[in-house]
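Read left to right, the sequence shown gives residues 841 to 1163 (my numbering). First up is the structure itself, then whatever we jot down about it.
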Amino acid sequence: MFNMTRRMVLGSAAAAAAFGIAGKLEFAPAAYAETPVEPLVGFYKYKVGSLEVTAVYDGIWRKPHDPAFIKDVSVDDTKAALAKAGLTTEFMPIPLTVVVLQMNGRTIMMDAGSGVGQWQANATHLPANMKAAGIDYKAIDTILISHFHPDHVWGLMEKGTNAPVFPNAELIVNATEYNWWTDPSRLAKLPEGRKPAGKRIAENFPKWKNWKLVDDGAEVVPGIRLMAAPGHTPGHSVYHVDAGSEQFLVSADTMYVPALLAPHPEWQGSYDQDGPMAITTRHKIIDQVIADNVRICGSHFPFPGTGSFVKDGNAYAFTPTQI
């Protein structure tokens, strides 16, 4: 059984470097103290093998508690899971981190963020934090997209005009995801709550010429392979990166709130379009990460959006990386 009360502190840059992270850090178990809702820094750089990763904070959804958020699970149960993980219970904290990779001469952004003022009032920070991290935001040449939910793709479009923010970047996505959302018959079939997003996607994305549609297993750029991870959406995908001495997985929304889904991987979120399939995918991906000792990041993990999983019976324990 994973010891949820043990704390390991790496107090020097040398010790941190041994774990492939730049700078001083702590690996702290979730239960040791309440994690701040907002991070103290807007970006964080770390190494995975030969790869430089920059985690850039977009913001947070302070989602009001909702008994429909997790199917057949009470608000009291979700609050208990948050408390055990050392997170606030005042609301459901859903932070958003965008990862940028410097690899093979390319600047590669993994998803495009939520767009300033287009998703949540507290998610407005991506452009400023990109600049602070030394990344020329609009000079990004490749964007690998996991799926078409607003917090991952509204950053592709300007607010109000829907003009493309990255007209010269190559936009790579699973063909299943693109075709599902842009199917002319799709809008009428969507639940009412999803129709505004579906309409915006269908009216704008097909106009752009810089899409590259790929299939499961495709090497999208040298050293990075798309892996289909369906359930959250039909074409939801993760990206496996060969970083030389280490492997890295950009897991998007496979395990979107680890405080809830690591100890309860069977929980079905209301934003999973196919809950049973999302559960199967969750187990498959996280089991593979553990078995192959793959470093992992997730869009909604506590900032800087990375950490480690271990098996805990039929579930998992998650330790976020703290900075």
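We put the CB at the ideal spot given by N, CA and C, even for glycine. Predicted model only: the values in this text are computed from it and were never measured.
Those residues which DSSP pairs with residue i across a bridge
i, result
"Arg1135", "Phe1088"
"Leu984", "Met950, Ile1012"
"Ile1119", "Partner(s): none; Ile1119 has no beta bridge."
"Lys887", "Glu892"
"Glu1059", "Arg1065"
"Val1078", "Met1067"
"Pro1160", "Gly1147"
Unbroken beta strand (DSSP E) run spanning residue i, endpoints
i, result
"Gly1038", "No beta strand (DSSP E) holds Gly1038; the alpha helix (DSSP H) holding it covers 1035–1044."
"Thr1146", "1146–1152"
"Lys1052", "1051–1054"
Inter-residue Cα distance where the pair is residue i and residue j
i, j, result
"Tyr1156", "Ser1110", "21 Å"
"Trp901", "Ala1092", "16 Å"
"Ala870", "Val915", "Since pLDDT at Ala870 reaches only 39, below the 50 mark, its modelled position is unreliable, and no value is offered."
"Gln942", "Val1081", "12 Å"
"Phe883", "Asn944", "22 Å"
"Val1134", "Phe1088", "6 Å"
"Glu878", "Val893", "20 Å"
"Ala1068", "Lys978", "28 Å"
"Phe1045", "Asp1152", "42 Å"
"Glu1086", "Thr1146", "15 Å"
"Gly1075", "Gln1128", "19 Å"
"Pro1024", "Pro1004", "21 Å"
"Ile1130", "Asp1114", "24 Å"
"Asp1112", "Lys887", "31 Å"
"Asp912", "Thr918", "11 Å"
"Ala1083", "Cys1137", "14 Å"
Cβ-based neighbour list, residue i, same chain, cut-off 8 Å, excluding 5 preceding and 5 following
i, result
"Ser954", "Asp898, Gly899, Leu936, Gln960, Ala963, Leu966, Pro990, Asp991, His992, Trp994, Gly995"
"Leu1027", "Lys1035, Gly1038, Lys1039, Ala1042"
"Asn1002", "Arg1040, Glu1043, Asn1044"
Where the alpha helix (DSSP H) containing residue i begins and where it ends
i, result
"Lys903", "That residue, Lys903, is in no alpha helix (DSSP H); its beta strand (DSSP E) goes 891–903."
"Asp1112", "Asp1112 -> no alpha helix (DSSP H), and no H or E assigned at all."
"Pro879", "Run containing Pro879: none; DSSP gives neither H nor E here."
"His992", "990–993"
"Val939", "Looking at the DSSP string, Val939 is not in any alpha helix (DSSP H); the run it does join, the beta strand (DSSP E), is 932–943."
"Ala1003", "Note, Ala1003: premise wrong, no alpha helix (DSSP H); not H, not E."
"Thr1073", "Counting along the chain, Thr1073 falls outside any alpha helix (DSSP H), and DSSP gives it neither H nor E."
Cutoff 7 Å; reference residue i; Cβ partners in own chain excluding five residues on either side
i, result
"Ile1126", "Met1095, Phe1149, Tyr1156"
"Ala972", "Gly882, Phe883"
"Leu891", "Leu941, Met943, Val1081, Ala1083, Phe1088"
Close Cβ partners of residue i (< 6 Å) along its chain, the five nearest in sequence each way excluded
i, result
"Met949", "Val940, Ile980, Ile983"
"Arg1065", "Glu1059, His1080"
"Asp1056", "Ala1068"
Would the stretch 1037–1047 count as touching the stretch 976–984 if we require 3 or more Cβ pairs under 8 Å? no
With three or more C-beta pairs closer than 8 Å as the rule, is the stretch 920–940 touching the stretch 1116–1128? Judged by pairs of C-beta atoms under 8 Å, the stretch 1116–1128 does not touch the stretch 920–940, as fewer than three such pairs exist.
Taking 8 Å as the threshold, find out whether the stretch 1099–1113 comes into contact with the stretch 909–926 through three or more Cβ pairs. yes
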